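Quick notes on the structure that follows.
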Amino acid sequence: MSCLQEGVDMKRIKKDKEPIWFIKWKEEFEKNNSRKANYKDDFPQEKKRKLREHLLKEQGYICCYCMRRIQINNSHLEHFWPKDAFPEKDMDYENMLASCEGETIGEDHCGHRKNNYYDKNMIIPIDAMIEKMFHYIINGDILPDGKNQIRKAAKDMIREFGLNSFHLKRNRRLAIEESEVFDDCEYSKEEISDIINYYNSMENGKYQEYCKAIIDGLVWRLKMEI
């Protein structure tokens, strides 16, 4: 069934087109300064906020790594490939995501925990390959999938991004428990497929928190009922 194939992934981010105003700002800066702009020092704060708001909308207001609900006041603009190690990607829109701030002063998961870590085999969440690297189980754990380098990269990302931190495992477990996964209702395969499609879609411009963890729980339920 097609719905059995929809549940094994970190949430892939589908990038919009790069904002025209951002493209024009970079072009104007380079024309006036005879060099490319630096995100940290050259890009104005109000523009950084505007760009982050665009990324939040693009991602359905969930963190690019953990799917936690984020807004402008509890998120930051994340360079997936660290700008210190990859200066050529410093102002690359495809390298920009919105990440949550984590817990415990931003140190136990996601962007701040990741910091400047990178590995050549890790996969950015906008890449379709991300859908083959991870799956969630009903206790809230995220586990690596795939083979060889892909599986190793997934294990390393889970560790380095803190994706199995206490807070995330607890929150994912609670989200699964509060969803349709453990309902007493006897859903048909078609109904479960419809529910999965619901969690795969935005409602009022937002994804459900931890949507992919819930989807994997629903896929598990469907397998149990077959």
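Position 14, counted from 1, in the sequence shown is what the numbering used here calls 180; the numbers after and before it change by one each time, with no gaps.
Here a beta-carbon is modelled for each residue, glycine too, at the ideal position from N, C-alpha and C.
Just so you know, these numbers come straight off a predicted model, no measurement behind them.
With fewer than 16 other beta carbons inside 10 angstroms of its own, Ala251 counts as exposed. Leu309 carries a strand assignment under DSSP once its states are collapsed to helix, strand and coil. Taking Leu334 as the centre and dropping the five residues before and after it, the same chain places the C-beta of Cys232, His275 closer than 7 angstroms to its C-beta, in chain order. If you look at Cys266, you'll find it in the beta strand (DSSP E) that goes 262–266. The residue among Asp207, Met257, Asn198, Ser241 with its C-alpha nearest the C-alpha of Phe188 is Met257. Ile380 sits in a helix when the DSSP states are folded into three classes. With a cut-off of 8 angstroms on Cβ pairs, the region 362–381 is in contact with the region 225–242, counting three or more such pairs. When C-alpha distances from Tyr302 are compared across Gly277, Gly328, Ile342, the shortest belongs to Ile342. Rounded to the nearest whole angstrom, the C-alpha separation of Pro310 and Lys197 is 45 angstroms. Put simply, of Asn363, Lys313, Arg201 the residue whose alpha carbon is nearest the alpha carbon of Pro253 is Arg201. Under the DSSP definition of a beta bridge, Phe300 partners with Pro310. Taking all protein chains shown into account, Lys280 has 16 or more neighbouring C-beta atoms within 10 Å of its C-beta and is therefore buried.
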